[in-house]
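Beneath this line is the structure, given in structure tokens, with notes to follow.
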Amino acid sequence: MRKLIFGMNVTLDGYIAAPGDDIGWSGPPSDELFQWWLDHERASDLSLYGRKLWEAMSSYWPTGDQQPDATPAQIAFARNWRDTPKVVFSSTIDKVDWNTRLVTGDAVAEITRLRAEDSGPMTIGGSTLAGAAMRAGLIDEYAVVTHPVLVGAGTPFFTALDSWTNLNLVETRTFPGGVVLARYETRR
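Mapping to this note's numbering: the sequence shown position 125 is 288, numbers consecutive.
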């Protein structure tokens, strides 16, 4: 069975985006944090995206390695992003590119099917998609990269749940600027 990992940058008060889908609070990541995200993505065999995150990622990373100021890590991230198989869940998009397939039906059923495969880990991103997987008990690991900023409202990292989910802390790490990673595994 595959492991499903949900990880994103989050504000100290728990939001992945401020009102208006504003993610400017996270600023450019330090080289060390960017390298962590690159390693995190390289460890994944499959990336699952909701529509908004797909649109954000696909607007930059297909050519991110061709930008004149791209760092070696950004070049590696762009190439890895293009090479990694991806699944986008959306009922409004009609076409995807870059090693990606589109699922317009039941996201939880498809994630359950993918998770049951005998393969490497997969990551999931996007608050609505990850929230559905969270409520269905499909998330095996959470990587919460907390930035020292309060935005007061917006898109929460965690969704409302019907019951408790107990977690075990497996790693913490501090990055420049007071950014803190906490990784948790779901206790089953």
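Note that the Cβ used here is the ideal one computed from N, Cα and C, for glycine as well.
Quick check on the DSSP output: the alpha helix (DSSP H) that includes residue i runs from which residue to which?
i, result
"LYS249", "Note, LYS249: premise wrong, no alpha helix (DSSP H); beta strand (DSSP E) at 249-252."
"GLU348", "No alpha helix (DSSP H) holds GLU348; the beta strand (DSSP E) holding it covers 342-349."
"MET297", "290-298"
"VAL271", "270-279"
"SER221", "214-221"
Round the Cβ separation of residue i and residue j to the nearest angstrom and send it over; I've been treating them as touching at under 8 Å.
i, j, result
"ILE186", "SER290", "The Cβ separation is near 12 Å, so there is no contact."
"GLY283", "ARG165", "7 Å"
"GLY213", "GLY288", "7 Å"
"ILE302", "LEU167", "6 Å"
"LEU344", "GLU334", "7 Å"
Here's the rule: buried if 16 or more other CB atoms are within 10 angstroms of the residue's CB, otherwise exposed. What is residue i?
i, result
"GLU280", "exposed"
"VAL314", "buried"
"LYS249", "buried"
"THR174", "buried"
"THR286", "buried"
"THR267", "exposed"
"ARG278", "buried"
"ASN172", "buried"
"ARG346", "buried"
"PRO231", "exposed"
"THR318", "buried"
"GLY170", "buried"
"SER193", "exposed"
Nearest by alpha-carbon distance to residue i: which of the options is it?
i, options, result
"ARG298", "ASP228, ALA306, ILE274, GLY283", "ILE274"
"ARG245", "SER207, LEU324, GLY183, PHE338", "SER207"
"TYR223", "ALA345, GLY170, ILE238", "ILE238"
"TRP217", "ASP325, ARG336, THR263", "THR263"
"GLN198", "TRP261, VAL259, PRO339", "PRO339"
"THR247", "ALA181, ASP202, ASN331", "ASP202"
"VAL259", "PRO225, TYR305, PRO319, ASN243", "PRO225"
"HIS310", "GLY183, TRP188, ASP184, GLY170", "TRP188"
"ALA270", "THR255, VAL251, ILE256, TRP261", "VAL251"
"MET220", "ALA241, GLU348, THR337, GLN229", "ALA241"
Specify, as a first and last residue, the run of the beta strand (DSSP E) that residue i falls within.
i, result
"ILE168", "167-174"
"PHE338", "330-338"
"ALA236", "Counting along the chain, ALA236 falls outside any beta strand (DSSP E), though it belongs to the alpha helix (DSSP H) covering 235-246."
"ALA306", "304-310"
"ALA180", "178-180"
"VAL266", "263-266"
Tell me, please, which residues DSSP counts as bridged to residue i.
i, result
"GLU204", "Bridge partners of GLU204: none, in fact."
"SER193", "Answer by DSSP bridge pairing: none, since SER193 is not bridged."
"PRO319", "TYR178"
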